[in-house]
Amino acid sequence: LVTGGGSGIGKAIADAMKHAGARVVVCDVNDSTKPNYVCDVSKSSDVTAMFAAIERDLGGLDILVNNVGVPGPTARVDEMDADAYDECVRINLGGTFRCTKAAVPMLLKTRGSIINISTSAGIFGYPLRSPYVAAKWGIIGLTKSWAMELGAEGVRVNAICPGSVSGPRMDGVIEREAAATGVTAQSLRTGYENQVSLQTFVDATDIAAAAVFLSSPAARFISGQVLPVDGNIETMRA
């Protein structure tokens with residue numbers, strides 16, 4: 007299961023998993039992307055119903071990719087809308103918790119794998135994006151804790167930290183930051199590229215390749231780890 011698999015990184019992961027031979031299902035809150043399951047991961051009732059359907063339809067689960075995420079608001083802490091802050095954390099961090107809680111009974115039977123999609127902002131500070139950062143740092147903490155909790159029963163848990171991934175979502179991040187700071191979007195884009203030793207944005211297929219590796223037998227002894235796929239980000243200040 008790839009959550010948020012209808013577009014962007016999630017779709018790239020789902021496509022790569024299929025290419026590697028996995029039977030893949032995806033969920034998305036947006037039914038226009040034609041997911042296997044429509045699910046709002048911030049709602050426990052949706053998540054419970056989805057995993058009941060997965061067990062009925064597939065008979066079990068080997069891999070969970072917690073990919074759902076929203077960028078959240080862009081503002082300085084004293085100007086941050088509290089409801090927008092809470093919503094970002096509820097979806098990004100709470101959704102990861104809710105899906106994992108529901109998936110673990112099946113994953114214990116298959117000695118499966120959990121891959122949590124965090125971000126480079128889960129490693130660095132990131133000005134004007136504090137709710138997003140809080141949630142993504144939290145995902146790394148969950149990853150390491152769950153690896154300890156579930157390892158004795160054969161379930162591996164790892165996190166991937168994408169850098170700036172080219173595409174519409176990153177375009178939106180730059181546009182909102184430009185509006186909040188008064189800096190031009192092109193200047194910010196150049197700044198983001200210059201943060202990275204490889205001097206370019208990541209492609210979603212690079213994240214997908216890492217997910218395939220971490221879910222494969224080649225990674226059978228890798229757990230509790232955080233894998234940046236970011237071209238070596240040196241700072242998060244564009």
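Here the sequence shown is numbered in the numbering used here, starting from 7 and rising by one per residue.
Just so you know, even glycine gets a beta-carbon here, dropped at the ideal spot from N, CA and C.
- By the C-beta density criterion, D34 is buried, having at least 16 other C-beta atoms within 10 angstroms.
- Between the segment 208 to 223 and the segment 179 to 188 there are fewer than three C-beta pairs closer than 8 Å, too few to call the two in contact.
- Pairing N73 with G188, the inter-Cα distance amounts to about 31 Å.
- Annotation for A165: the continuous beta strand (DSSP E) segment containing it runs R162 to P168.
- Within the model, the alpha-carbon separation for S38 versus K17 is close to 14 Å.
- By alpha-carbon distance to T116, the top candidate from G173, L204, I69 and D52 is I69.
- DSSP places T9 within a strand segment (E or B) once states are collapsed to three.
- Annotation: S222 to G160 spans about 14 Å, alpha carbon to alpha carbon.
- The DSSP assignment places complete alpha helix (DSSP H) segments of no fewer than 4 residues inside the segment 52 to 118 at 88 to 95 and 101 to 116, in order along the chain.
- Selection G144, R104 and W143 evaluated against D52 yields R104 as nearest (Cα-Cα).
- Counting other Cβ atoms within 10 Å of its Cβ, Q192 stays below 16 and is therefore classed as exposed.
- Beta-bridge analysis with DSSP links Y43 to C33.
- Linking T125 to D87 through their CA atoms gives a straight-line distance of about 22 Å.
- Taking a cut-off of 8 Å on C-beta distances, the segment 204 to 211 does not touch the segment 136 to 147, as fewer than three cross pairs fall below it.
- Collapsing the DSSP output to three states places V189 in coil.
- Per the C-alpha coordinates, the member of T196, P174, Q201 and N122 positioned closest to G147 is N122.
- For L156, the enclosing alpha helix (DSSP H) begins and ends at S136 to L156.
- Going by beta carbons, I120 and V163 fall inside the 7 Å limit.
- Take the alpha-carbon of R29 and the one of V71: they are about 13 Å apart.
- Secondary-structure assignment with DSSP links V171 through a beta bridge to V208.
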